[in-house]
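Trainee: Okay, so the sequence shown: first residue is 23 according to the working numbering, each after it adds one.
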Amino acid sequence: MRALLSVSDTSGLVAFARGLSDLGWELIATDGTRAALAREGINARGVFEVTSSPELLGGRVKTLHPRIHAAILARRADPQHLADLAREGIEPIDLVAVNLYAFADAAAAGVSGTALLEKIDIGGVALLRAAAKNHDDVIVVARPARYDTVLEELRERGRIGGETRRALAAEAFSVTAAYDASIASRLTADAGTLFPDDLTLSLRKVRDLRYGENPHQHAAFYALRGEDGAMTRMEQLHGKATSFNNMLDVSAAWRMAADFAQPTVAIVKHQNPCGIASETTVAKAYERAFLGDPISAFGGIVGVNRVVTRELAEALRDTFYEAIVAPGYEDEALPLLKRRKNLEILAVPGPATGARGQRNGVLDLKRVPGGFLAQTPDEAAAEENFKVVTERHPTLDELTDLIFAWRCVRHVTSNAIVLAKGLATVGVGPGQLSRVVSVEVAVRRAGENARLAVMASDAYFPFPDGIEVAGRAGVTAIIQPGGSLRDAMMIETANKHRIAMLFTGRRHFKH
23 MRALLSVSDT
33 SGLVAFARGL
43 SDLGWELIAT
53 DGTRAALARE
63 GINARGVFEV
73 TSSPELLGGR
83 VKTLHPRIHA
93 AILARRADPQ
103 HLADLAREGI
113 EPIDLVAVNL
123 YAFADAAAAG
133 VSGTALLEKI
143 DIGGVALLRA
153 AAKNHDDVIV
163 VARPARYDTV
173 LEELRERGRI
183 GGETRRALAA
193 EAFSVTAAYD
203 ASIASRLTAD
213 AGTLFPDDLT
223 LSLRKVRDLR
233 YGENPHQHAA
243 FYALRGEDGA
253 MTRMEQLHGK
263 ATSFNNMLDV
273 SAAWRMAADF
283 AQPTVAIVKH
293 QNPCGIASET
303 TVAKAYERAF
313 LGDPISAFGG
323 IVGVNRVVTR
333 ELAEALRDTF
343 YEAIVAPGYE
353 DEALPLLKRR
363 KNLEILAVPG
373 PATGARGQRN
383 GVLDLKRVPG
393 GFLAQTPDEA
403 AAEENFKVVT
413 ERHPTLDELT
423 DLIFAWRCVR
433 HVTSNAIVLA
443 KGLATVGVGP
453 GQLSRVVSVE
463 VAVRRAGENA
473 RLAVMASDAY
483 FPFPDGIEVA
493 GRAGVTAIIQ
503 PGGSLRDAMM
513 IETANKHRIA
523 MLFTGRRHFK
533 H
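(1) Can you have a look at T412 and say buried or exposed, based on whether 16 or more other CB atoms are within 10 angstroms of its CB?
(2) CA-CA distance, V448 and I323?
(3) Report all residues from its chain with a CB closer than 6 Å to the CB of L334; omit the five preceding and five following residues, and keep chain order.
(4) How far does the beta strand (DSSP E) with A475 in it extend, from its first residue to its last?
(5) Figure out for me which residue from F342, E354, V370, D353 has the closest Cα to the Cα of K363.
(6) Taking R528 as the reference, give the member of Y233, E235, V431 with the closest Cα.
(7) Given a threshold of 16 other Cβ atoms within 10 Å of its Cβ, counted over all protein chains shown, does A446 qualify as buried or as exposed?
(8) Kindly indicate which residue of R255, T526, D116 has the alpha-carbon position closest to the one of S506.
(9) Judging by CA-CA distance, which residue of V491, H530, A137, D116 is the nearest neighbour of V123?
(10) So, at 6 Å on beta carbons, what are the nonlocal neighbours of R381 in its own chain, with the 5 sequence-adjacent residues on each side left out?
(11) Give the DSSP-derived three-state secondary structure of R67 in the structure shown.
(12) Just reading off the alpha helix (DSSP H) that G393 is part of, what are its end residues?
(13) Under 6 Å Cβ to Cβ from T302, same chain only, skipping five residues before and after it: list those, please.
(14) If we count Cβ pairs, one from each stretch, closer than 8 Å, do we get three or more for the region 58-69 versus the region 201-213?
(15) Of all the beta strand (DSSP E) runs that stay within the bounds of the region 504-529, which reach a length of 3 or more residues?
(16) Is it buried or exposed for P452, if we count other Cβ within 10 angstroms and need 16 for buried?
(17) Just the C-alpha distance for K532 and R208, rounded to the nearest angstrom, thanks.
(18) So, under 8 Å CB-CB, V465 and A427 are touching, yes? Tell me the CB distance rounded to an integer number of Å.
(19) Suppose the cutoff is 7 Å on Cβ atoms and the five residues either side in sequence are ignored; what does the same chain contact list for G379 look like?
(20) Let me know if Q502 comes out buried or exposed under the rule of 16 or more other beta-carbons within 10 Å of its beta-carbon.
(21) Counting pairs of Cβ atoms below 8 Å between the region 505-523 and the region 478-494, do you hit three or more?
(22) So, under 8 Å CB-CB, R247 and S224 are touching, yes? Tell me the CB distance rounded to an integer number of Å.
(23) Per DSSP, N437 is paired with what?
(24) So L149 and T85 are supposed to be a Cβ contact under 8 Å. How far apart are they, rounded?
(25) Counting C-beta neighbours from all protein chains within 10 Å, is the total for S300 16 or more, i.e. buried, or is it exposed?
(26) Taking only the alpha-carbon atoms, compute the straight-line gap between P101 and E71 and give it to the nearest angstrom.
(27) Can you tell me the Cα-Cα spacing of G376 and R429, whole angstroms?
(28) Would you list the residues sitting across from L368 in a DSSP beta bridge?
(29) Just checking my contact of A167 with V197 at CB under 8 Å: how many whole Å lie between their CB atoms?
(30) Exposed or buried, G145, counting other C-beta atoms within 10 Å across all chains shown (16 or more means buried)?
(31) Exposed or buried, G46, counting other C-beta atoms within 10 Å across all chains shown (16 or more means buried)?
(32) Check the C-beta distance from A242 over to R226 and give it rounded, since I have them as a contact under 8 Å.
(33) Thinking C-alpha only, which one of Q239, L216, A442 is nearest D315?
(34) If you draw a straight line from the alpha carbon of P285 to that of A495, how long is it in whole angstroms?
(35) From which residue to which residue does the beta strand (DSSP E) around S75 run?
(36) Measure the Cβ-Cβ separation of L117 and R188 and say whether it is below 9 Å.
Printed below as a string of structure tokens:
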């Protein structure tokens, strides 16, 4: 039996090769792999000894040869295939273990141009596809993590069963498909094509989730290769395994908190904020965010854009939360949080850049039956384009709160209304079918805190009723996109209530 080894990642290679050799397999290896084996005293024939051809083009061509690919692709049960091998003096190859040049890692490290193109593997992909196509006769190993499985089955049974062969072949095709998708995605972005005719996505499983939206549903989290997203970098430090719903809310809480420069805390339920607040410390920010909706906060997710302090950990003690996500935790804070057996404590290494750290070319994808909808990310409107349209201009405090509320409302499900005061939300009206109802919900949640608060609306007011409700509740300033055919009526209504109003010129629907 003969095995061809050609790897760029030498993890586990020596033990695998030694195990095959001990079982009586003859080893063939490309130059780099052969040298790594030789350093450990393991003998392998060079590919050139099999092909009788030297490497060409600086190593670009070495395994692309009939004596290699015929040895892999020949069906052992086909007399004509065996006759062809005999006529050419070709011995079959029964196992192919290959891992590919690390194109995605090179791209992520900033390699570009010709240097990046040299990281595109040609021969390795061809070897994997050939072996996977002929998996009834050839064992294909595309990941070092499978070495032990293959060796164990060979030792116990003397062969690899059909089920394992099919699984390894499927994995090999998944690996090559993902590899090609990563290359296509990068080259498409480099070419400046926003929406290509064929959008190739490469996903890798990060972890299995505890369950889906409901306990009877299975779920897993996949990372999109080529994106350095916060959720893929996230580490779990404590608590039960994350569920599908919690992952959605953790992501939402992180995006909200990370969208602000000041110390900020967001408390989230069903991907909407119960409260968001910015303060001088995260402990103070949490206290004010919690007061935004103390009842809804129970069982929510806490997002923090600074290292969690002991003071914040102590403040969290009196309310049940599913999870907390932050850039890190003080040594004195972590033991306090870990006293809660099931609390999911999550850390996202690196600066909390959030939505402001989106990379150019990244698309926002939403699943629909049979496909995806793709769009560019929603970016905040430039504050210099905000326009005062009412007789009364906002005060400096009102303007500060309006800008805060406008950033908050981007994270609320449409139709979205946010009331804010002193850089903290006091009432949120998410996802209502009518905008005036969203205003009513936000005002009701704010109660007396609606007086002297400001209001943000993610889209224009089609009728003055929402502004009337806000005016009667004591709201003093409004920020909204404008753009309605009835804008003049909205401005007139605001003037009647002595409300200052800004138009931003940009809508922020979040469906």
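Don't be surprised by glycine CBs; every beta carbon is placed ideally from N, CA and C. A quick note: this is a predicted structure, and the numbers were derived from the prediction, not measured.
Mentor: The structure says:
(1) buried
(2) 18 Å
(3) V304, A305, Y308
(4) Unbroken run through A475: none, as it is neither H nor E.
(5) F342
(6) V431
(7) buried
(8) T526
(9) Here residue 123 turns out to be Tyr, not Val, going by the sequence shown. Measuring from the Cα of Y123, the nearest candidate turns out to be A137.
(10) In this predicted model, R381 has a pLDDT of only 44, less than 50, meaning its place in the structure is not dependable; the value taken from the coordinates is given anyway. Closer than 6 Å at the Cβ level, and outside the excluded window around R381, lies no residue.
(11) strand
(12) Unbroken run through G393 is the beta strand (DSSP E), 393-397; no alpha helix (DSSP H).
(13) none
(14) no
(15) 522-525
(16) buried
(17) 28 Å
(18) Their Cβ separation, rounded to whole angstroms, is 14 Å, which puts V465 and A427 out of contact at 8 Å.
(19) With a pLDDT of 39 at G379, under the threshold of 50, the modelled position of that residue is not reliable, and no figure is offered here.
(20) buried
(21) yes
(22) 4 Å
(23) N437 is not bridged to any residue.
(24) 6 Å
(25) buried
(26) 26 Å
(27) Residue placement at G376 is flagged as unreliable, the pLDDT there being 47, under the threshold of 50; a coordinate-derived value is accordingly withheld.
(28) Q258, V347
(29) Rounded, the Cβ-Cβ distance is 11 Å, inconsistent with contact.
(30) buried
(31) exposed
(32) Actually they are not in contact, since the Cβ atoms of A242 and R226 sit about 11 Å apart, beyond 8 Å.
(33) A442
(34) 29 Å
(35) Looking at the DSSP string, S75 is not in any beta strand (DSSP E), and its letter there is neither H nor E.
(36) no
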